[in-house]
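In our numbering, the protein residues as written are 900 to 1146. C-beta atoms are modelled at their ideal positions from N, C-alpha and C, and glycine is treated no differently. Written below as structure tokens is the structure these notes are about.
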Amino acid sequence: MATKSKKAKNRKTTANTSTKVRRAKTAKLRGATPDATNPKRVAAILQRLDQTYPDATCELKHANPFQLLISTILSAQCTDVRVNQVTQTLYQKYPNPQAFAYANPSELEQEIRPTGFFRNKTKSVMGASKAVVEKFAGEVPRNMEEILTLPGVARKTGNVVLGTAYGIAAGVVVDTHVQRLSNRLELTKNHEPKKIEQDLMKVIPQDRWIKFSHQLIWHGRRVCIARKPRCAICSLESLCNAKDKTV
Ligand code: SF4
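Take a look at the structure:
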């Protein structure tokens, strides 16, 4: 009896081992293990993103760094399309930082109401504009340390403005899409934007930070959508080992 159970145990161990090996091979093919952030896999992801989204850029319409700052503040919890609709007339009425800084708050609230959270956004827009006028001589700062002193501006907004308006790669924009996709693509195990950004800054070459952010956001909007990713048409599919893949 003892020998039989030993044999059965051995068979079970062998079966488990071959399942593990099979899984590891499949995962390896997809580049997920042992190290999903190895430079070769990351380079392959970047190459596919380049092929798929060669022209990816910020979708918030703006004529200068200040307008991009305001549009990015307004884009929190709101679509870029809606923000662009609102700013089309907003930037005519408020053509410079001074106009926003000393606006009538109740009027401004109503004007930006369609973007949601309009009371807080009005405070941030007016506060940031006032700081730009009074502390930075009307120019949006060109470095992360100073831009973070503007009311309502956190690293995401800072990265959008520095990257898109000034071409300065100070970090990686981590919005809801970058957050989700970085996890699905196993470029991070973290779920908190600050930690995700730190992880991405380690694995993505700095000269790709700006474009990579745009490309991931485009991919998140068009293909790797939150509820049901469109994996069947995804150019990253063979490199992706996400648990919620739909193929
Ligand atoms: S295969 Fe699916 S889950 Fe993976 S990146 Fe593409 S769309 Fe997203």
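CB contact flag (residue i, residue j, <9 Å)
i	j	result
Val1052	Ala1027	yes
Arg1079	Cys1133	no
Pro996	Ala1064	no
Gln1060	Ser1112	At residue 1060 the sequence reads Val, which differs from the Gln that was named. Against a cut-off of 9 Å, the Cβ pair of Ser1112 and Val1060 comes out as no contact.
Leu968	Val1031	yes
Cα-Cα separation, residue i to residue j
i	j	result
Pro1050	Ser1023	5 Å
Ala1002	Tyr990	13 Å
Thr1152	Gly1066	Nothing can be reported for residue 1152: it is not among the residues displayed for the chain, which extend from 900 to 1146.
Lys1144	Gln1097	25 Å
Leu1084	Lys1110	17 Å
Asp934	Ser1081	14 Å
Val1072	Gln984	23 Å
Arg1012	Ala1125	26 Å
Ala914	Thr978	Confidence in Ala914 is poor, its pLDDT being 49 and thus under 50, which makes the residue's placement unreliable; the coordinate value appears in the next sentence. Each residue's Cα considered, the two are about 50 Å apart.
Cut-off 8 Å between Cβ atoms - residues of its own chain near residue i, not counting five sequence neighbours on either side
i	result
Val982	Leu959, Ser970, Leu973, Ser974, Thr1014
Gln1114	Leu948, Asp949, Thr951, Tyr952, Ala955
Lys1094	Thr1087
Cut-off 7 Å between Cβ atoms - residues of its own chain near residue i, not counting five sequence neighbours on either side
i	result
Val1146	Cys1130, Ala1131, Glu1136
Val1102	Thr936, Val941, Leu1086
Pro1040	Ile1046
Simplified DSSP assignment, three categories, for residue i
i	result
Gln1114	helix
Ser974	coil
Ala1125	coil
Tyr1065	helix
Ile1103	coil
Asn937	coil
Contacts around residue i, its chain only, beta-carbon distance under 6 Å, and the 5 residues preceding and following it disregarded
i	result
Gln987	none
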